[in-house]
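Participant: If you read the sequence shown in the numbering used here, its first letter stands for residue 159, the second for the next number, and so on. Built from N, CA and C at the ideal position, the CB exists for glycine as well. Note that this is a predicted model, so its numbers are computed, not measured. What follows is a single structure, and I will ask about it in a moment.
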Amino acid sequence: MAYEQRQQQRRAEGYVEPLTMVERVGMWASMVQLEQNLRPAEVTAREELAATLSRELAQLQRVEASITFSWFGFQCFHDHAFHLGVGDCSGSAAVRRTAHRRDR
């Protein structure tokens with residue numbers, strides 16, 4: 159009787175008895191089963207995210223290549239026009255004269 163009274167008093171104070179080995183194994187098996195049930199959905203979501211990121215990266219690389227090509231084309235046109243004496247992009251005659259004097 160004294161043992162049961164002590165146990166009741168300990169429970170009243172918030173003491174929780176440790177799980178038995180059978181309870182631990184049961185909880186572990188439940189967690190493993192839950193993880194196995196969730197894993198396919200998690201893997202699918204991860205694969206979808208990887209595919210989306212791959213597509214976005216490819217798109218950004220195409221845009222970057224386009225911008226680089228456009229800038230290179232602009233620079234070639236700009237340099238060609240400048241050396242022909244058409245002028246520079248600023249449209250300033252003073253800048254054109256100064257730049258041409260510097261080129262001579």
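Taking only three categories from DSSP, how would you classify L177?
Facilitator: Coil.
Participant: Nearest-angstrom Cα distance between D246 and I225?
Facilitator: Any reading at D246 needs caution, since the residue's pLDDT is 47, under 50, leaving its predicted position unreliable; the model's value is listed next. Answer to the nearest angstrom: the Cα atoms are 21 Å apart.
Participant: By Cβ distance, which residues of its chain are closer than 6 Å to V190, with the 5 residues on each side in sequence left out?
Facilitator: Correct list: empty, nothing qualifies.
Participant: Helix, strand or coil, according to DSSP, for G184 in the structure here?
Facilitator: G184 falls in the helix class under three-state DSSP.
Participant: In whole angstroms, give me the CA-to-CA distance for E214 and E181.
Facilitator: Answer to the nearest angstrom: the Cα atoms are 48 Å apart.
Participant: Quick check on the burial criterion: 16 or more other C-beta atoms within 10 angstroms. Buried or exposed for G172?
Facilitator: G172 is exposed by the Cβ-count criterion.
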